[in-house]
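Here the structure is laid out as C-alpha cells; the discussion comes afterwards.
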Amino acid sequence: MGFSAAPGGGPVCACCAEPAVIYQPVQKRHLCGTHIVRDVEARVASTIREAGQIHAGDRIAVGLSGGKDSTALLVILSRLLPSWPGAGLVAITVDEGIAGYRADTIRAAETLTGRLGVEHRIVSFCDLIGDDLDTLLTGREAQACTICGILRKKALTDAARAAGATAIATGHNLDDEAQSVLMNVLRGDLPRLIRNTGTGQSAAFLPRIKPLAAIPEKEIAVYLFVQGLFSVLPECPYTNYALRAGVRTMLAGFENLHPGTMQHLVESKKIIERYCAGTPVMGHLHRCRECGDPCSGDLCQVCRLRHSLGK
Amino acid sequence: MAAPGYLCAGDANLLPATMNVILPDQGIRVMEHGPGTVGTLLQELGINPLEVIVSRNGKLVPEQTVIGGNDQIRIIRIAHGG
Numbered sequence: 001m002g003f004s005a006a007p008g009g010g011p012v013c014a015c016c017a018e019p020a021v022i023y024q025p026v027q028k029r030h031l032c033g034t035h036i037v038r039d040v041e042a043r044v045a046s047t048i049r050e051a052g053q054i055h056a057g058d059r060i061a062v063g064l065s066g067g068k069d070s071t072a073l074l075v076i077l078s079r080l081l082p083s084w085p086g087a088g089l090v091a092i093t094v095d096e097g098i099a100g101y102r103a104d105t106i107r108a109a110e111t112l113t114g115r116l117g118v119e120h121r122i123v124s125f126c127d128l129i130g131d132d133l134d135t136l137l138t139g140r141e142a143q144a145c146t147i148c149g150i151l152r153k154k155a156l157t158d159a160a161r162a163a164g165a166t167a168i169a170t171g172h173n174l175d176d177e178a179q180s181v182l183m184n185v186l187r188g189d190l191p192r193l194i195r196n197t198g199t200g201q202s203a204a205f206l207p208r209i210k211p212l213a214a215i216p217e218k219e220i221a222v223y224l225f226v227q228g229l230f231s232v233l234p235e236c237p238y239t240n241y242a243l244r245a246g247v248r249t250m251l252a253g254f255e256n257l258h259p260g261t262m263q264h265l266v267e268s269k270k271i272i273e274r275y276c277a278g279t280p281v282m283g284h285l286h287r288c289r290e291c292g293d294p295c296s297g298d299l300c301q302v303c304r305l306r307h308s309l310g311k
Numbered sequence: 312m313a314a315p316g317y318l319c320a321g322d323a324n325l326l327p328a329t330m331n332v333i334l335p336d337q338g339i340r341v342m343e344h345g346p347g348t349v350g351t352l353l354q355e356l357g358i359n360p361l362e363v364i365v366s367r368n369g370k371l372v373p374e375q376t377v378i379g380g381n382d383q384i385r386i387i388r389i390a391h392g393g
C-alpha cells in the first residue's frame with residue numbers, strides 16, 4: 001500500500017498535507033484530525049437525512065451513558081441540530097447501579113451536558129424496579145445483558161416520554177449493528193433480526209433512531225480523541241458474560257482481514273428486512289395484559305422479568 | 312575513533328533502539344524495535360488494530376506510521392459500549 005509520508009515518518013491526510021491520525025480501510029485513505037471530524041459528522045448528517053430520522057420541531061431524547069458512543073452522538077447532534085428549526089435535545093442517563101463502573105460515566109455525562117448546555121435527566125433501576133442491577137443479578141450473572149437490556153430500554157423509554165420526546169436517539173455504531181445481526185442469526189431469532197424500530201410506524205412506539213449506525217467504533221474513538229473528548233473509562237464488569245463479547249472479537253478479526261465485513265452484514269439485514277416486509281414473520285403487535293405496553297405476546301418482557309425476579 | 316567493541320556518541324543510531332510502550336492495561340514494556348510500523352508492533356503484541364487507538368509521543372497515529380528510536384508509544388483499548 002503506498003501513501004505519502006509526513007516528516008515524522010507517518011502518512012499524510014488524503015485531503016490536505018497534515019499528518020494522518022487514522023486509516024480508513026474501506027475508503028482506502030488516511031485522514032487528519034480535522035478531516036476525520038468533518039467526515040464523521042457529514043456521514044452522520046447523511047444517515048439522518050436519508051432515513052428521515054429528525055424533523056423540524058422534534059425533541060430528541062439522547063440515551064447518554066457517558067461512554068464514548070453516546071458522548072459522540074450528543075456532541076454531533078448538538079452541532080447538527082440547527083439544521084432542523086425548532087428541534088431540541090434532552091439527554092437521559094440510566095443509572096443501572098453497577099458498582100465501580102457507572103459512577104465515572106455519570107460524572108462524564110454531567111460534565112458533557114453542562115458544557116453543551118443540554119438538559120440532562122438521570123433515572124435509575126432502583127426507581128424502576130426497586131433494586132440496583134448488582135442486586136438483581138445475584139446468582140444470575142450469566143443473564144446480565146438480557147436483564148439489563150430489558151430494564152434499560154424501559155427506563156429510557158419512560159424517561160423519554162416523561163420529557164416529551166418525539167424520538168429516542170442511541171449511540172449504536174456500525175460494530176454494534178453488525179454484532180447484533182450476527183447474534184440474532186446465531187440465536188435463530190428472525191423476528192428480532194428484521195425488527196425495525198426506527199420508523200415508529202405503530203403509534204405505540206417512540207421511534208428509536210441510530211444516527212451513528214454507519215460509523216465504525218474506532219472512528220468514533222478517534223473523532224473524540226482529536227477533539228480532547230476521549231476519556232479512558234472502565235468497561236462494564238458484566239461484558240464478559242455476554243454472547244456479544246465473543247461475537248465482537250470474532251467480527252473485529254474478520255473486519256481487520258476483510259475490510260467491509262461489518263458493512264456487508266448490516267446491508268444483508270436490510271435486504272432480508274425488505275423481503276420479509278408484510279409477511280407473518282413480522283408478527284402482530286399486542287398490548288401487555290398487565291402494564292399495557294406494546295409487546296409481541298401476552299406479557300411484555302418487563303412484566304415477565306418482574307415475575308421471574310419476584311418483583 | 313572508539314576502541315573496538317565500543318560505540319562513540321556518533322554511533323547512536325547503531326545502538327538497539329528502545330521504545331517505551333504503554334499497554335492497554337497501563338503496563339509499560341521497554342521494547343527493542345528496529346524501524347517498523349505501529350501495525351507490526353500491534354501484530355507482535357497480538358492486538359487487533361480495530362480494538363485500539365495508538366499515540367506516538369502524545370499524538371494519535373495510524374497503523375502505517377513508522378516508529379522506532381526513543382518513541383513513546385501508548386496503546387489505548389477502545390472500551391465497548393457507551
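Note that the protein sequences, when read in sequence, are chains R and V. Residues 1 to 311 (my numbering) are what the first sequence spells out, left to right. Residues 312 to 393 (my numbering) are what the second sequence spells out, left to right. Every residue gets a Cβ at the ideal spot worked out from N, C-alpha and C, and that includes glycine.
One or two residues paired with residue i in a DSSP bridge
i: Tyr-23/R; result: His-30/R
i: Ser-366/V; result: Leu-371/V and Arg-385/V
i: Pro-294/R; result: Arg-287/R
i: His-120/R; result: Ala-91/R
i: Ala-167/R; result: Ile-60/R
i: Gly-347/V; result: Ile-378/V
i: Val-12/R; result: Pro-19/R
i: Arg-208/R; result: Ile-168/R
Contact set between residue i and chain V, taken where Cβ atoms lie within less than 8 Å
i: Arg-248/R; result: His-391
i: Pro-11/R; result: Pro-373, Gln-375 and Thr-376
i: Glu-255/R; result: Leu-361
i: His-30/R; result: Pro-373 and Gln-375
Contact list for residue i against chain R, beta-carbon separation under 9 Å
i: Thr-329/V; result: The premise fails here: Thr-329/V is roughly 17 Å from chain R at the closest Cβ pair, so nothing lies under 9 Å.
i: Ile-265/V; result: Because residue 265/V is not part of the residues shown, which for chain V are 312 to 393, the question remains open.
Span separating the alpha-carbon of residue i from that of residue j
i: Val-222/R; j: Asp-298/R; result: 45 Å
i: Leu-229/R; j: Ala-277/R; result: 41 Å
i: Gln-143/R; j: Ile-48/R; result: 33 Å
i: Leu-31/R; j: Arg-287/R; result: 49 Å
i: Arg-79/R; j: Gly-188/R; result: 40 Å
i: Ala-14/R; j: Thr-135/R; result: 51 Å
i: Ala-91/R; j: Ser-70/R; result: 10 Å
i: Gln-27/R; j: Gly-260/R; result: 9 Å
i: Gly-200/R; j: Gly-139/R; result: Only weak support exists for where Gly-200/R lies, its pLDDT of 49 falling under 50; the value from the coordinates is given anyway. Cα-Cα distance, rounded: 36 Å.
i: Phe-254/R; j: Gln-263/R; result: 12 Å
i: Ile-378/V; j: Leu-361/V; result: 19 Å
i: Arg-289/R; j: Ile-387/V; result: 48 Å
i: Gln-337/V; j: Asp-39/R; result: 31 Å
i: Thr-351/V; j: Ile-98/R; result: 37 Å
i: Met-342/V; j: Ala-51/R; result: 49 Å
i: Ala-20/R; j: Arg-29/R; result: 9 Å
i: Arg-59/R; j: Thr-111/R; result: 21 Å
i: Leu-128/R; j: Arg-340/V; result: 46 Å
i: Ser-202/R; j: Leu-81/R; result: Confidence is the limiting factor: at Ser-202/R the pLDDT is only 49, short of 50, which leaves the residue's position unreliable, though a coordinate-based value still follows. Roughly 25 Å separates the two Cα atoms.
i: Gly-66/R; j: Asn-381/V; result: 35 Å
i: Leu-74/R; j: Ile-22/R; result: 22 Å
i: His-120/R; j: Leu-89/R; result: 9 Å
i: Gly-357/V; j: Val-363/V; result: 12 Å
i: Gly-63/R; j: Thr-93/R; result: 6 Å
i: Ala-178/R; j: Ile-215/R; result: 11 Å
i: Arg-152/R; j: Gly-292/R; result: 18 Å
i: Ala-17/R; j: Ile-384/V; result: 23 Å
Per-residue contacts from residue i into chain V (C-beta, under 7 Å)
i: Glu-18/R; result: What Glu-18/R touches in chain V: nothing, since even the nearest Cβ is about 11 Å away.
i: Ala-252/R; result: Asn-359, Leu-361 and Glu-362
Residue i: first and last residue of the uninterrupted alpha helix (DSSP H) it sits in
i: Val-185/R; result: 174 to 187
i: Thr-71/R; result: 68 to 80
i: Glu-273/R; result: 261 to 276
i: Ser-231/R; result: Per DSSP, Ser-231/R belongs to no alpha helix (DSSP H) and is neither H nor E.
i: Val-226/R; result: Element bounds for Val-226/R: n/a, residue is neither H nor E.
i: Arg-192/R; result: 190 to 194
i: Leu-361/V; result: That residue, Leu-361/V, is in no alpha helix (DSSP H); it is neither H nor E in DSSP.
i: His-55/R; result: Segment: none, His-55/R is in no alpha helix (DSSP H) and carries neither H nor E.
Closest residue to residue i among the options (Cα-Cα distance)
i: Gly-117/R; options: Ile-98/R, Leu-77/R and Glu-141/R; result: Leu-77/R
i: Thr-348/V; options: Arg-340/V, Arg-367/V and Ile-333/V; result: Arg-367/V
i: His-172/R; options: Thr-34/R, Ser-308/R and Val-44/R; result: Val-44/R
i: Ala-252/R; options: Lys-218/R, Ala-87/R, Pro-211/R and Ile-122/R; result: Lys-218/R
i: Leu-257/R; options: Thr-376/V, Arg-385/V, Asn-359/V and Gln-375/V; result: Asn-359/V
i: Ala-162/R; options: Leu-206/R, Glu-141/R and Leu-137/R; result: Leu-206/R
i: Val-232/R; options: Leu-334/V, Thr-376/V and Pro-373/V; result: Leu-334/V
i: Gln-227/R; options: Ala-72/R, Ile-147/R and Gly-100/R; result: Ala-72/R
i: Tyr-101/R; options: Tyr-238/R, Asp-58/R and Ile-215/R; result: Tyr-238/R
i: Leu-285/R; options: Arg-195/R, Ala-17/R and Asp-104/R; result: Arg-195/R
i: Leu-371/V; options: Cys-300/R, Pro-11/R and Cys-291/R; result: Pro-11/R
i: Pro-373/V; options: Pro-191/R, Ile-36/R, Arg-244/R and Arg-304/R; result: Ile-36/R
Bounding residues of the beta strand (DSSP E) (the contiguous stretch that carries residue i)
i: Glu-343/V; result: 339 to 343
i: Thr-329/V; result: 329 to 333
Partner residues on chain V for residue i, Cβ-Cβ distance less than 9 Å
i: Ile-215/R; result: Under the 9 Å cutoff, chain V gives no residues; its nearest Cβ is about 13 Å from Ile-215/R.
i: Ala-142/R; result: None at all; the shortest Cβ gap to chain V is about 18 Å.
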